[in-house]
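In my numbering, the protein residues as written are 291 to 546. Ideal Cβ positions, reconstructed from N, Cα and C, are used throughout, including at glycine.
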């Protein structure tokens, strides 16, 4: 799985190699200072499959259902034994500590658990390009937004959004970054809240104008439509400011 490029809303897009993390320390993403073991560069954390299973085991209700669905976890994998293995790994890495007979989360796993327990909007992201598709998840709660990106050997890379950055601006920069690397690519976003149907949004450079950074085509696509159908659909011609506005409405939290 390739890594999505940096997503700072105020920085120009720049290519990144497959070995580089999703962001760098100047982006609009951070992992708090209390998580040095999981985020040596200060902005990303990586979790193994059992560690993610442990975090999911602490959720219930709609949040658990959505986590299992969006992370594509087989329910048969979510056993007490697997969760215990994940907790053991997190304990060894300093992400968990023991107080009496209680496990206390700190650092990055505390944020992962928090967003899985409180997320109210879940968004799938796919950057569809000539050389393949780059995928990620974007989870939003009232207090926290994170990217989760699948990586090698069923691991997940987590990047936490800076609270000062708007969700829409960060997502727009992600799309702009992909366009800078692959002008003919298409960005797909599929979002839903608990109990809602999934809404779909496709964004690409305006047809015939890939070199114009302010020219976009945006299409809202019904849930039963083949994503590939947008390749031949003109969509709405918009500028970057309108794109950000469309994204803001697209990922608005319930009640906001």
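| Check | Outcome |
| --- | --- |
| Distance, residue 416 Cα to residue 534 Cα | 18 Å |
| Nearest to residue 379 (by Cα), restricted to the options 485, 499, 409 and 344 | 344 |
| Cα-Cα separation, residue 504 to residue 467 | 13 Å |
| Beta bridge counterpart(s) of residue 448 as assigned by DSSP | 335 and 438 |
| Bridge partners - residue 279, DSSP secondary structure assignment | Lying outside 291 to 546, the shown extent of the chain, residue 279 is not represented and no answer is given. |
| Assigned exposure category for residue 493 - 16 Cβ within 10 Å defines buried | buried |
| Contacts around residue 327, its chain only, beta-carbon distance under 6 Å, and the 5 residues preceding and following it disregarded | Residue placement at residue 327 is flagged as unreliable, the pLDDT there being 25, under the threshold of 50; the coordinate-derived value follows with that caveat. Excluding residues within five positions, the ones whose Cβ falls inside 6 Å are 383 and 384. |
| Separation of residue 525 from residue 440, as counted between CA atoms | 30 Å |
| C-alpha distance - residue 398 paired with residue 408, whole-angstrom precision | 15 Å |
| Outcome for residue 390 when other beta-carbon atoms lying within 10 angstroms are tallied against a minimum of 16 | exposed |
| Member of 361, 511 and 340 whose CA lies at the smallest distance from the CA of residue 487 | 511 |
| Alpha-carbon spacing of residue 422 relative to residue 530, whole angstroms | 25 Å |
| Contact under 9 Å by Cβ, residue 484 with residue 352 | yes |
| Helix, strand or coil at residue 371 according to DSSP, with G and I counted as helix | helix |
| Identity of the residue in 474, 396, 532 and 457 nearest residue 335 by Cα | 396 |
| Identified DSSP bridge partners for residue 422 | 419 |
| Beta-carbon proximity list for residue 340, same chain, < 7 Å, skipping 5 on both sides | 372, 375, 376 and 379 |
| Same chain, Cβ closer than 8 Å to residue 527, five either side skipped, listed in chain order | 496, 505, 506 and 507 |
| Candidates 536, 539, 544 and 362, of which the one nearest residue 425 by Cα | 362 |
| Host beta strand (DSSP E) of residue 401 (start-end) | No beta strand (DSSP E) holds residue 401; the alpha helix (DSSP H) holding it covers 397 to 408. |
| Assumed close pair residue 434, residue 405 - CB separation to whole angstroms, cut-off 8 Å | 5 Å |
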